[in-house]
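Q: Pasting a structure below so you can have a look.
There are 4 protein chains.
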Amino acid sequence: MVTQSGKPAPDTARRSERSRRAIYDAALALVAEAGYPKTTIEGIAARAGVGKQTIYRWWGSKADVLLEAFLDLSEQAARDAGAPDGEPYAIPDTGDLAADIKAVLRATVDQLTDPRFEAPSRALAAEGVVDEQVGREFTAKLMEPSIRLYVDRLRAAQEAGQVRADLDPRIALEFFISPLAQRWLQYTGPISYEYTDTLVDYALHGLAPR
Amino acid sequence: MVTQSGKPAPDTARRSERSRRAIYDAALALVAEAGYPKTTIEGIAARAGVGKQTIYRWWGSKADVLLEAFLDLSEQAARDAGAPDGEPYAIPDTGDLAADIKAVLRATVDQLTDPRFEAPSRALAAEGVVDEQVGREFTAKLMEPSIRLYVDRLRAAQEAGQVRADLDPRIALEFFISPLAQRWLQYTGPISYEYTDTLVDYALHGLAPR
Amino acid sequence: MVTQSGKPAPDTARRSERSRRAIYDAALALVAEAGYPKTTIEGIAARAGVGKQTIYRWWGSKADVLLEAFLDLSEQAARDAGAPDGEPYAIPDTGDLAADIKAVLRATVDQLTDPRFEAPSRALAAEGVVDEQVGREFTAKLMEPSIRLYVDRLRAAQEAGQVRADLDPRIALEFFISPLAQRWLQYTGPISYEYTDTLVDYALHGLAPR
Amino acid sequence: MVTQSGKPAPDTARRSERSRRAIYDAALALVAEAGYPKTTIEGIAARAGVGKQTIYRWWGSKADVLLEAFLDLSEQAARDAGAPDGEPYAIPDTGDLAADIKAVLRATVDQLTDPRFEAPSRALAAEGVVDEQVGREFTAKLMEPSIRLYVDRLRAAQEAGQVRADLDPRIALEFFISPLAQRWLQYTGPISYEYTDTLVDYALHGLAPR
DNA sequence: TAGTAAGCGAGACGGTACGTCCTGTCTTCCC
DNA sequence: GGGAAGACAGGACGTACCGTCTCGCTTACTA
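Chains as they are written, first to last, in our numbering: chain R, 26 to 235; chain H, 26 to 235; chain U, 26 to 235; chain Y, 26 to 235.
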């Protein structure tokens, strides 16, 4: 089988693993050091000690490279953090929904302020805002897995009667993650454990007086 | 007082209004037609029938130009829409908070899907994600005014006892706008009146059963 | 009367002498310091503390400015060097043609290596090579007067029988000045008193054996 | 050995001959059509169908390009005109020095008035007047070879006793070429066969009566 | 086990845009 | 009305990257 493009698909079997890794490392390092716009394909190639064509052969754009590099970084981090195989991770269910969500959000806050992650994920998010294709891919590959965890946990809470039964979990979870995401993406406010804890309280009990 | 910069500040009094308008128009048109990354300063200058230097004299970057152009567009739209002077606009207070917020959010949905606004605001938002300075300016000039309206309306609701008295309005309002913003920015879900109506209901009454 | 150009001729009577002098000085200084190509009209205006328009009003080009500035410098130098009025100078006639010419050429050598003169006259000469109009003006205003002196001296020598009677003085004088000019203009050889003395000897007595 | 420059020297082996030729042609054509100052690097690149960087990669300046282009043109003309290998040309020696030099000068007059040669060589000469480095290169590469021919012919004449034995040929030859050069460069007089013939006569027999 | 074809490092190429500098015109305000 | 000041449309500068290409080389499949 051959891809739709005019070019014959390159032979993946003969691909240089060495070069791929070097390109990931170079891309992440450059984005962290100089920012996404100043990161160039030529720069990545030079830093990785790789010909430009090797990049163009395997990726379609700078965003593509960075997306894969970041995905790789995330998997690696996940692997380091415990789960060695393909992410059978779940939000813990201690029976206390509020506490469980708060814990996850605190971990998210930590990750959002980790400099190793911040630059590339901002870059990808920005690219995704402007380029719908990148945006959808970013969402599907990087956000959807986490979203699903929230959905699962919320459904469990629904079954346990801790959450209204008529709730759409895919909307409900946005009360936890969207405000945080917006503050982070758009500098609309500071990010802290206290803030995310408050979010959970407000969300669960509503803004209106009981 | 004199600005810190090395260049002598240009004389604002002699600025060509004609060129400024032409640059705004060209910038908005190009972003709408070709997208932000393919919009170049040279392109704006050419389309506006203006020397490049005239752009560089008054703005520091492509993002700067677009930000001002968009700001101008917004003001113009606001002026056309009724309030002729500096936006003494407020979220209506019919006594029914839910209805009032829903109405505003429906208007926001309309604006987010208006092609005239979509391209430039996406572009600016994306630039803001990646360039903190732009981000803060974007937030301060374009989002802060709207945010303040929500804060005012929420405070009125607090005084009327329709909202918990201990609530921080600056956090509370995020339940209305952040989920919508994220869906719009990151393609995490569809946007509709039904969706925003649901947001308001969930937010006011909480996710937990009453 | 109005010049052929579309613009009405500016009123010479109201012209600012102060600015003219400042422009001459600035032009000569800049050419000496930075070279002709790096000397710009803007630079001259800025250095002279003069508006650009003042230059464009009175001169047609950078070469024009420099030509007048240099002319003015030459006249001033001539005035300082003795003859206070319009150059009633002549090559001395001691009866010894060879000695007289040698003396004049030695003075020319001095002038060609005087740094005050070198930069602007090279610049003008170069411009004249490439722009025929400037070239002819340069020749007419700066070289022709000197050439005439040679012609006069050679005619006197002809009458005194020291030079062949059938000689065209306008060609003969080129044996004295052209080799020197070429060495100076084109770096085809070193310039010295010894060299110019030799030129005179060879020219007068011919290359062929007697 | 490595050049002193900061940039890594480009790989001459991979240079595009096609582009080089196109650049030469474009440069010569533009100089002939529009004159040297109006000939721009961008213009050459556009006309040659070449990226600007390709010019900047191989040449240091507009003058450099033109110098090489003109050199190439001269070699090509020489090759067309007979001598296919590296110019083993010499001024003919018929025994009659005057006649031989006159013939060569007449050819020079033809060349100086050939429009194909005139524009670029004037341009280069002018640039050489103002930029010593260019001037020396111009002299070394374009004039020195011809000069050497005169030196050789004059030495032969010296050995044959047709020219004074104590003569410095490098000075003597200037009587033939410098007056012509000056008239051509500086528009100090007309150029014709008659004129160059006269030069030879005056030079050989001297200005003084015999 | 040799032959061959793909991936690879390298980097020249035709291009486009950058941000700067200068041109020659124009407008404004001062004298 | 001349002059200082400087904004303007325009255009070239020299640089940096883009994405394509061609060159030898290395490396892994195929005959």
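Glycine included, each C-beta is placed from N, C-alpha and C at the ideal position.
With 8 angstroms as the limit, tell me which residues of the region 140-155 of chain R have their beta carbon closer than that to any beta carbon of chain H; keep them in chain order.
A: Listed in sequence order: Arg147, Ala148, Ala150, Ala151, Glu152, Gly153, Val154 and Val155.
Q: With a 10 Å radius around its C-beta and 16 neighbouring C-beta atoms as the bar for buried, classify Arg2 (chain Y) as buried or exposed.
A: Chain Y is shown only over 26 to 235; residue 2 (chain Y) falls outside these bounds and no answer can be derived.
Q: I'd like to know if Val188 (chain R) contacts chain H, where contact means its C-beta is closer than 8 angstroms to some C-beta of that chain.
A: With 8 angstroms as the cut-off, Val188 (chain R) counts as an interface residue toward chain H.
Q: By the 10 Å Cβ neighbour count, where 16 or more other Cβ atoms means buried, how is Val27 (chain H) classified, buried or exposed?
A: The predicted position of Val27 (chain H) is uncertain, since its pLDDT is 45 and thus under 50; a value taken from the coordinates is nonetheless stated next. When all chains shown are included, Val27 (chain H) counts as exposed.
Q: For Gln187 (chain U), which three-state DSSP category applies?
A: DSSP places Gln187 (chain U) in coil when its eight states are reduced to three.
Q: With three or more beta-carbon pairs closer than 8 angstroms as the criterion, would you say the region 124-142 of chain R touches the region 80-94 of chain R?
A: They do not touch, by the three-pair rule.
Q: Nearest chain Y C-beta to Arg131 (chain U) closer than 8 angstroms, yes or no?
A: Not closer than 8 angstroms to any Cβ of chain Y, the Cβ of Arg131 (chain U) fails to qualify, so no.
Q: Under the three-state reduction of DSSP, which class applies to Lys77 (chain H): helix, strand or coil?
A: If DSSP states are grouped into helix, strand and coil, Lys77 (chain H) belongs with the helices.
Q: Short of 8 angstroms Cβ to Cβ, which residues in the region 210-229 of chain U face chain Y?
A: Within the region 210-229 of chain U, the qualifying residues are Leu210, Gln211, Tyr212, Thr213, Gly214, Tyr220, Thr223, Leu224, Tyr227, Ala228 and Leu229.
Q: Ordered along the chain, which non-local residues of its own chain (more than five positions away) have a Cβ less than 6 angstroms from that of Ala185 (chain U)?
A: Nothing listed; no residue qualifies.
Q: Can you find a C-beta in chain Y that's less than 8 angstroms from the C-beta of Thr138 (chain U)?
A: Closer than 8 angstroms: no.
Q: Quick one: Cα of Thr65 (chain R) to Cα of Trp83 (chain U), how far?
A: The alpha-carbon atoms of Thr65 (chain R) and Trp83 (chain U) are separated by roughly 51 angstroms.
Q: Give me the Cα-Cα distance between Asp226 (chain R) and Ala197 (chain R), rounded to the nearest whole angstrom.
A: Roughly 13 angstroms separates the two Cα atoms.
Q: How long is the line joining the alpha carbons of Ala94 (chain Y) and Ala151 (chain Y), rounded to whole angstroms?
A: Each residue's alpha carbon lies about 16 angstroms from the other.
Q: Chain R partners of Ala181 (chain H), CB-CB under 9 angstroms?
A: Result: empty, since nearest Cβ-Cβ is about 13 angstroms, beyond 9 angstroms.
Q: Give, in chain order, every residue of the region 59-71 of chain Y whose Cβ lies closer than 8 angstroms to some Cβ of chain U.
A: Flagged, chain order: Gly60, Tyr61 and Pro62.
Q: Which of the three DSSP states is assigned to Val27 (chain U) in this structure?
A: With a pLDDT of only 42 at Val27 (chain U), under the threshold of 50, the placement of this residue in the model should not be trusted; the figure read from the coordinates follows. Coil, per DSSP.
Q: Does the structure place the region 118-129 of chain H close enough to the region 174-183 of chain H that three or more beta carbon pairs sit under 8 angstroms?
A: Touching, yes, given that three or more Cβ pairs across the two stretches are closer than 8 angstroms.
Q: Short check: CB of Ala51 (chain H) to CB of Ala73 (chain H), under 8 angstroms?
A: Contact: yes.
Q: Hey, out of H:Ala38, H:Ala34 and H:Arg235, whose CA is closest to Gly85 (chain H)'s CA?
A: Comparing Cα-Cα distances from Gly85 (chain H) to each of H:Ala38, H:Ala34 and H:Arg235, the minimum goes to H:Ala34.
Q: Three Cβ pairs or more, each shorter than 8 angstroms: is that satisfied between the region 142-159 of chain H and the region 94-106 of chain H?
A: At 8 angstroms Cβ cutoff, the stretches touch.
Q: Going by beta carbon distance, what residues of the same chain come within less than 7 angstroms of Leu192 (chain R), once the five residues before and after it are set aside?
A: Result list for Leu192 (chain R): Gln183, in chain order.
Q: Distance, Cα to Cα, Lys77 (chain Y) vs Gly68 (chain Y)?
A: The straight-line gap from Cα to Cα measures roughly 9 angstroms.
Q: Keeping to the same chain, check which residues put their C-beta closer than 8 angstroms to that of Ala181 (chain H); ignore five residues upstream and five downstream.
A: If we look at Ala181 (chain H) and ignore the five residues flanking it on each side, its Cβ neighbours are Asp118.
Q: Out of Y:Ala115, Y:Lys63, Y:Ile48 and Y:Ala57, which one is the CA nearest neighbour of Ala71 (chain Y)?
A: If we check each option's Cα against that of Ala71 (chain Y), Y:Ile48 comes out closest.
Q: Please check the pair Ala54 (chain H) and Phe200 (chain R), which I expect to be a contact at CB under 8 angstroms, by giving their CB distance rounded to whole angstroms.
A: Not quite, the Cβ-Cβ distance comes to about 38 angstroms (not below 8 angstroms), so this is no contact.
Q: Looking at His230 (chain U) and Ala190 (chain Y), is the spacing between their C-beta atoms short of 8 angstroms?
A: Not closer than 8 angstroms, so no.
Q: My output table needs one value for Arg147 (chain H): the three-state DSSP class, helix, strand or coil.
A: If DSSP states are grouped into helix, strand and coil, Arg147 (chain H) belongs with the helices.
Q: Distance cutoff 8 angstroms, beta carbons only. Does Gln207 (chain Y) sit that close to anything in chain U?
A: Judged by the 8 angstroms Cβ criterion, Gln207 (chain Y) is in contact with chain U.
Q: Find out if the Cβ-Cβ distance for the pair Gln187 (chain H), Leu122 (chain H) is shorter than 8 angstroms.
A: Taking 8 angstroms as the Cβ cut-off, Gln187 (chain H) and Leu122 (chain H) qualify as a contacting pair.
Q: Does Ile196 (chain H) get closer than 8 angstroms to chain R when you measure Cβ to Cβ?
A: Taking Cβ atoms only, chain R reaches closer than 8 angstroms to Ile196 (chain H), which makes this a yes.
Q: I need the straight-line Cα distance from Gly120 (chain H) to Tyr81 (chain H), nearest angstrom please.
A: Using only the alpha carbons, I get a separation of about 50 angstroms.
Q: Do Val155 (chain U) and Pro215 (chain Y) have their C-beta atoms closer together than 8 angstroms?
A: No, they are not a contact pair.
Q: Could you work out which residues of chain H lie near Pro234 (chain R), taking near to mean beta carbons separated by less than 9 angstroms?
A: Those within 9 angstroms of Pro234 (chain R) in chain H are Gly186, Gln187, Val188, Arg189 and Ala190.
Q: Comparing C-alpha positions only, which one of U:Asp125, U:Ala57 and U:Ser41 sits nearest to Thr221 (chain U)?
A: Answer by Cα proximity: U:Asp125.
Q: Alpha carbon to alpha carbon, how far is Glu219 (chain U) from Leu179 (chain U)?
A: Distance between the alpha carbons of Glu219 (chain U) and Leu179 (chain U) is about 22 angstroms.
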